[in-house]
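Trainee: In my numbering, the protein residues as written are 93 to 597.
Yeah, the Cβ is synthetic: ideal placement off N, Cα and C, and Gly gets one too.
1. Relative to the C-alpha of residue 389, which residue among 533, 199, 529 and 420 is closest?
2. With DSSP collapsed to three states, give me the class of residue 40.
3. Does the Cβ of residue 489 have 16 or more other Cβ atoms within 10 Å, making it buried, or fewer, making it exposed?
4. Within its chain, find whatever has a CB closer than 6 Å to the CB of residue 500; leave out the 5 residues flanking it on each side and keep chain order.
5. Just grab the DSSP bridge partners of residue 296 for me.
6. If we ignore side chains and look at the alpha-carbon of each, how far apart do residue 575 and residue 541 end up?
7. Could you have a look at residue 582 and say whether DSSP puts it in helix, strand or coil?
8. Out of 543, 551 and 567, point me to the one whose CA is closest to residue 526's CA.
9. How long is the line joining the alpha carbons of residue 115 and residue 213, rounded to whole angstroms?
10. For residue 379 and residue 579, which I take to be in contact (beta-carbon distance under 8 Å), what is that distance rounded to the nearest angstrom?
11. Tell me the DSSP secondary structure of residue 127 in three-state form.
12. Taking the alpha helix (DSSP H) that residue 438 belongs to, which residues open and close that run?
13. Is it buried or exposed, residue 166, if we count other Cβ atoms within 10 angstroms and call 16 or more buried?
14. Could you check what DSSP says for residue 479 in three-state terms: helix, strand or coil?
15. Can you tell me whether DSSP reads residue 345 as helix, strand or coil?
16. Would you mind reading off the limits of the beta strand (DSSP E) that contains residue 448?
17. Output needed for residue 200: all residues of its chain with C-beta closer than 6 Å, excluding positions within five of it in sequence on either side, in chain order.
18. I'd like to check one pair, residue 421 with residue 599: are the Cβ atoms closer than 8 Å?
19. Would you call the segment 226-238 in contact with the segment 290-304, where contact means no fewer than 3 C-beta pairs closer than 8 Å?
20. Quick one: Cα of residue 302 to Cα of residue 267, how far?
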């Protein structure tokens, strides 16, 4: 292996049309310190060819040429324009064996010895129905099963690459962590680890992320087409642009003493149970989880906040009767601390923030006062009844109902995840989750809320939620019910397993 050399770095745009173009194409270029390390892994054993299914600006080609100028560079990309971007490190001849084609749907015919990629990160909602159906059939062909339709295009890049990896071949992919955390993750990794040898996973501290200011948390997957093994190496990179990542992969994962990396040997069974993107955990018997003590439900999805979620001033100007509205809270940033009070709502109203939810039960239109009928007819003229979520309702203006939750949880928290005591009797929208304790006594609800906000409990959110960039964690209702409450915290606040009450009825 040759020492690393300085390479030209690509700057990811922070906002505007350039950033949106990246989202559409899913293109986020790989920094040199990541590309160098990944290429070292796949080119072990003196391999002569490297294949990149999403070549882009050619970061992995640049890294491969540092190792050996005679390496044969092969790849695919759908974007001919990006391949023509001038580069100091690559010449047109380096792209001679790059085909302009869709790797997933029109793959190469031959098996490949070394595959390295940063596949396009295109989320499922940006894929057409036709493409989704073709991907569903592809997954069934490769794995013998289908996976949840919320899997992004990067998942299918991995599946196709696995199919094309030759015996004893190596693969290194950098991927969003949702590939280990999404609803599709469990069956995907159970299948993969039965048929391939997963050697290592690399995760990153927020301050060491290869993609700063990007709303995704990356991991690197390293594997071989070989007999599966019972253990894996799990590395946590806590220093950006560290040489240690390259050195570790250049050692073929044999060294384990570095300042920029922390490396654990993990049982594969434990890693799969905990989540490959999450740190090793010791399973404790008898430990309570939130689902033992409460039920979690999503906040209200209106389908059109601008119509159903109004300010007091809007209600007054339109002349709508207040009796058809309930107090509500829409944004996590509208609750500064961990308590939502009448004073909180009052301050929001003073700031002309919406705090009133139009909570109709779906009575016939003619039963409403004239001003409300006129407002609903205005909503129809806007085409609200045809909007995706609203069109699923039998009566388009009938709002979801919720009992006022005693505790709220921020749906997507950035380093400020917290449980909020709801003293204001407000109904939350979808930025929050509703937590309904099995027991309703005020003292019990207070103790549960305090236990949930304990730093050691909050730290366990990383074990259940989906991780995003900058330390953000997104937690779905069923995942939040799996939140572990440390035994000593449960004892401190007098919490024991309880039976459901009216909130579950």
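Mentor: Concretely, from the data shown:
1. Numbered from its first residue, the chain shown carries residue 389 at position 297. Comparing Cα-Cα distances from residue 389 to each of 533, 199, 529 and 420, the minimum goes to 529.
2. In the structure as shown, the chain starts at 93 and stops at 597, and residue 40 therefore has no counterpart that could be examined.
3. As a first step, residue 489 is located in the chain shown; it is residue number 397 there, counting from the start. Its Cβ being crowded by 16 or more others within 10 Å, residue 489 is buried.
4. Looking up residue 500 in the chain shown gives position 408. For residue 500, where only same-chain residues beyond five positions count, the Cβ hits under 6 Å are 512, 514, 520 and 524.
5. Sequence index remark: in the chain shown, residue 296 carries index 204 (1-based). Answer by DSSP bridge pairing, in chain order: 329.
6. Reading the chain shown from its first residue, position 483 is the one you call residue 575. Reading the chain shown from its first residue, position 449 is the one you call residue 541. Taking the straight line from one Cα to the other gives about 13 Å.
7. For the purposes of this step, residue 582 is taken as residue 490 along the chain shown, with counting starting at 1. Residue state, collapsed to three classes: helix.
8. Here residue 526 is taken as the residue at index 434 of the chain shown, counted from 1. The candidate whose alpha carbon is nearest that of residue 526 is 567.
9. Here residue 115 refers to the residue found at position 23 of the chain shown. Here residue 213 refers to the residue found at position 121 of the chain shown. Below a pLDDT of 50, predicted positions are generally treated as unreliable, and residue 115, at 46, falls in that range; no measurement from the model is reported.
10. Residue numbering aside, residue 379 sits at position 287 when the chain shown is read from its first letter. Residue numbering aside, residue 579 sits at position 487 when the chain shown is read from its first letter. Their Cβ separation, rounded to whole angstroms, is 6 Å, which keeps residue 379 and residue 579 in contact under 8 Å.
11. Start at 1 with the first residue of the chain shown, and residue 127 comes out as number 35. Note: residue 127 maps to helix in three-state DSSP.
12. The count along the chain shown starts at 1 and reaches residue 438 at position 346. First-last of the alpha helix (DSSP H) with residue 438: 434-442.
13. Looking up residue 166 in the chain shown gives position 74. Buried.
14. Reading the chain shown from its first residue, position 387 is the one you call residue 479. If DSSP states are grouped into helix, strand and coil, residue 479 belongs with coil.
15. Counted from its first residue, the chain shown places residue 345 at position 253. Correct three-state label for residue 345: coil.
16. Walking along the chain shown from the start, residue 448 turns up at place 356. Residues 448-450.
17. As a working note, residue 200 is residue 108 in the chain shown. The answer is none, since no qualifying residue turns up.
18. As displayed, the chain neither begins before 93 nor continues past 597, which places residue 599 out of reach and without an answer.
19. no
20. Reading the chain shown from its first residue, position 210 is the one you call residue 302. Reading the chain shown from its first residue, position 175 is the one you call residue 267. Cα-Cα distance, rounded: 11 Å.
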